[in-house]
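Mapping of the sequence shown onto numbering that gives the first Met the number 0: position 291 corresponds to residue 290, and the numbering continues sequentially without gaps.
First comes the structure, then the notes that go with it.
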Amino acid sequence: MLNKVSLGIRNLQKYRLVLGNELIDEIEKLADELKGIRICHVNSTSFGGGVAELLSSYIPLVRSVGLTMDWQVIHGDRRFFTITKSLHNALQGGDGSLIQREETDRLYKTQNQMNAREMDYNYDIFIINDPQPAALRHFSDDSNAKWIWRCHIDTSVPDQGAWAYLRPYVEEYDAAVFTMDQFVPQDLRVPTIATMAPAIDAFSAKNMTLPRTLCREMTEDLGIDRERPLILQVSRFDPWKDPFGVIRIFQLAREKVPGLQLALVGSLASDDPEGWSMYAAIHTEADKDRDVHVFTNMTGVGSMQVNAFQTACDVAIQKSIREGFGLVISEALWKGLPIVAGNAGGIPMQMTGNLSNYLVNTLEEGAEKVVYLLQNREIAAELGKEGKENVKRNFLMPRLIRDELSLVKRVLAG
Ligand code: UDP
Numbered sequence: 000m001l002n003k004v005s006l007g008i009r010n011l012q013k014y015r016l017v018l019g020n021e022l023i024d025e026i027e028k029l030a031d032e033l034k035g036i037r038i039c040h041v042n043s044t045s046f047g048g049g050v051a052e053l054l055s056s057y058i059p060l061v062r063s064v065g066l067t068m069d070w071q072v073i074h075g076d077r078r079f080f081t082i083t084k085s086l087h088n089a090l091q092g093g094d095g096s097l098i099q100r101e102e103t104d105r106l107y108k109t110q111n112q113m114n115a116r117e118m119d120y121n122y123d124i125f126i127i128n129d130p131q132p133a134a135l136r137h138f139s140d141d142s143n144a145k146w147i148w149r150c151h152i153d154t155s156v157p158d159q160g161a162w163a164y165l166r167p168y169v170e171e172y173d174a175a176v177f178t179m180d181q182f183v184p185q186d187l188r189v190p191t192i193a194t195m196a197p198a199i200d201a202f203s204a205k206n207m208t209l210p211r212t213l214c215r216e217m218t219e220d221l222g223i224d225r226e227r228p229l230i231l232q233v234s235r236f237d238p239w240k241d242p243f244g245v246i247r248i249f250q251l252a253r254e255k256v257p258g259l260q261l262a263l264v265g266s267l268a269s270d271d272p273e274g275w276s277m278y279a280a281i282h283t284e285a286d287k288d289r290d291v292h293v294f295t296n297m298t299g300v301g302s303m304q305v306n307a308f309q310t311a312c313d314v315a316i317q318k319s320i321r322e323g324f325g326l327v328i329s330e331a332l333w334k335g336l337p338i339v340a341g342n343a344g345g346i347p348m349q350m351t352g353n354l355s356n357y358l359v360n361t362l363e364e365g366a367e368k369v370v371y372l373l374q375n376r377e378i379a380a381e382l383g384k385e386g387k388e389n390v391k392r393n394f395l396m397p398r399l400i401r402d403e404l405s406l407v408k409r410v411l412a413g
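Spelled out as structure tokens, the structure:
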């Protein structure tokens, strides 16, 4: 059997205090209409990265309105996850040569077929996340359930070979979901195509309000000097997140802001073999400078510590080159933190209004904006307020729950 992630129930009603009643009432009505429907999400890792983060908050909240929602995780060995990471990279516009190989095709199919055999099919709706398990629908002999493919990555300019490889599998689904319209491939043919952005849980350990003094103490315990300014990037160790570019931005900014410190907080995901070599390379680079600190989930920097860093630091960076959405943007904005970010993928939809002035295309521009925000604290604080309001309006969990349950209703109605 596939592993089922064990999760509890989180009370959605708390959101009435933040968002008012209308949206929560709407969700309760949808849940009533869907009563008895069993929904199952499937992905390739239970920790590390945005999808695992999302599902671990999302599912417990959905359960609290009386729906059955579970989460199964596919198995895979290192070779499988190496080719699926390569597929992921190629769909984001990277090199697609590995996808063309016969061996890759064989491995992708065999592993999906094996996983399809081990799935629990006792559900009415399957929501399959990302390319790794996309062929499950092809290999399942389930004929009663409805199947939705949920793409979390930036497929705006995919390697054509990689997309041509994946497309026939996706076209067997009843619906496909993307984060933004720009990510929907023009040639995709499925009965329903929807777009919806991910969201964060304001009450999770990652995002709950913590006192800033406590957070500064927590980061001090991890080696940060609380008397000096701190900038931060939180992300998987991945080339698309441009960690070396972040170090360069830091070095340039420090020329204008002496004493500046950088924390790179990065997680390693079990379905991302590339992360380990990136981690080693970043460590080597960081070791050359005692004000560059590298932390990981493997050394005890978990959700609460990420929250502490985002609350305690002065400016966040997210220098992504491609980005499906970037939950870290909403997480930081929710804490009122100003951000300088790469003008890529799903980031601009979170950084609208005045925040968009801090979307950058070059390292020099990034450093200049970081320095400006460090030297103009009132403007930084205003931006933080604007960012938090934007997250409240658009990127908190209830909006996503409403969007997804509405889609489920549509798909069930055929
Ligand atoms: N994250 C974390 N610890 C880390 C690095 C990242 O908890 O050391 C979390 C981060 O807070 C966010 C998720 O991992 O919730 C990353 O999601 P995002 O959408 O930003 O990027 P992805 O990894 O999906 O590309």
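All C-beta atoms, glycine included, are put in the ideal place defined by N, C-alpha and C.
Given residue i as reference, the closest of the options once Cα atoms are compared
i, options, result
"Asn-296", "Phe-125, Ser-56, Asp-224, Phe-236", "Phe-236"
"Gly-323", "Thr-194, Val-189, Ser-45", "Thr-194"
"Asp-417", "Trp-146, Gln-159, Gln-110", "The requested residue 417 is not part of the displayed model; the chain covers only 0 to 413."
"Ser-45", "Lys-3, Leu-29, Arg-62, Lys-34", "Lys-3"
"Gln-10", "Arg-409, Glu-388, Met-396, Val-169", "Here residue 10 turns out to be Asn, not Gln, going by the sequence shown. Measuring from the Cα of Asn-10, the nearest candidate turns out to be Met-396."
"Asn-342", "Thr-361, Leu-53, Gly-352", "Thr-361"
"Pro-228", "Val-41, Glu-32, Thr-310", "Thr-310"
"Ala-201", "Ser-302, Arg-376, Tyr-122", "Ser-302"
"Asn-353", "Gly-386, Gln-374, Glu-377, Glu-367", "Gly-386"
"Gln-374", "Asp-224, Pro-257, Leu-90", "Pro-257"
"Ala-37", "Trp-146, Trp-333, Leu-251, Asp-129", "Checking the displayed sequence, the identity of residue 37 turns out to be Arg instead of Ala. Ranking the options by Cα distance to Arg-37, first place goes to Trp-146."
"Gln-260", "Glu-219, Ser-234, Ile-98, Asp-271", "Glu-219"
"Cys-150", "Tyr-57, Phe-138, Val-291, Ala-133", "Ala-133"
"Asn-128", "Thr-81, Val-50, Glu-117, Lys-287", "Val-50"
"Gln-304", "Glu-27, Asn-206, Lys-318", "Asn-206"
"Ser-96", "Ile-152, Ile-400, Thr-109, Ala-163", "Ala-163"
"Gln-99", "Asn-114, Ile-82, Asn-111, Pro-184", "Ile-82"
"Arg-188", "Gly-265, Leu-399, Arg-166", "Arg-166"
"Asn-88", "Pro-130, Leu-326, Gly-47, Leu-18", "Pro-130"
"Lys-84", "Val-183, Trp-275, Phe-394, Leu-231", "Trp-275"
"Ala-366", "Ala-340, Met-350, Gly-345, Lys-391", "Ala-340"
"Gly-452", "Leu-60, Glu-254, Lys-255, Ala-279", "Outside the displayed span of the chain (0 to 413) sits residue 452, for which this structure offers no information."
"Ala-285", "Leu-267, Phe-249, Ala-307", "Phe-249"
"Cys-312", "Ala-331, Gly-325, Val-300, Lys-318", "Ala-331"
"Arg-116", "Asp-123, Val-72, Asp-140, Cys-214", "Asp-140"
"Tyr-107", "Ile-124, Tyr-122, Phe-138", "Phe-138"
"Thr-298", "Ile-281, Val-314, Leu-267", "Leu-267"
Residue i, enclosing alpha helix (DSSP H) - first and last residue
i, result
"Cys-214", "211-220"
"Ile-281", "273-285"
"Leu-382", "376-393"
"Leu-106", "101-117"
"Ala-163", "159-169"
"Ile-400", "396-411"
"Val-414", "The structure shown does not extend to residue 414, since the chain is modelled only from 0 through 413, so no value can be given for it."
"Leu-135", "135-138"
Per DSSP, cross-strand counterpart(s) of residue i
i, result
"Trp-146", "Phe-125"
"Ile-38", "Met-68, Ile-124"
"Asn-2", "Val-72"
"Ile-8", "DSSP output for Ile-8 lists no bridge partner at all."
"Ile-58", "Per DSSP, none; premise fails for Ile-58."
"Ile-152", "Its beta-bridge partners do not exist; DSSP assigns none."
Segment limits, beta strand (DSSP E) that includes residue i
i, result
"Trp-70", "67-72"
"Leu-29", "Taken as a continuous stretch (DSSP letters only), Leu-29 belongs to no beta strand (DSSP E), being part of the alpha helix (DSSP H) at 21-32."
"Leu-263", "260-265"
"Val-176", "174-177"
"Leu-231", "229-233"
"Ala-193", "191-194"
Which of helix, strand or coil DSSP assigns to residue i
i, result
"Phe-46", "coil"
"Ile-248", "helix"
"Thr-81", "helix"
"Gly-92", "coil"
"Ile-98", "helix"
"Ile-223", "coil"
Check: residue i C-beta below 7 Å from any heavy atom of the ligand SAM
i, result
"Ser-234", "Because the ligand SAM does not appear in the structure shown, any question about it cannot be addressed here, the ligands present being the ligand UDP."
Any chain B beta carbon closer than 8 Å to residue i
i, result
"Ala-285", "Absence of chain B from the displayed structure is noted, only one protein chain being present."
### Query
Taking the runs of the alpha helix (DSSP H) that are 4 residues or longer, which of them lie wholly in the stretch 286-358?
302-311, 326-333, 346-349
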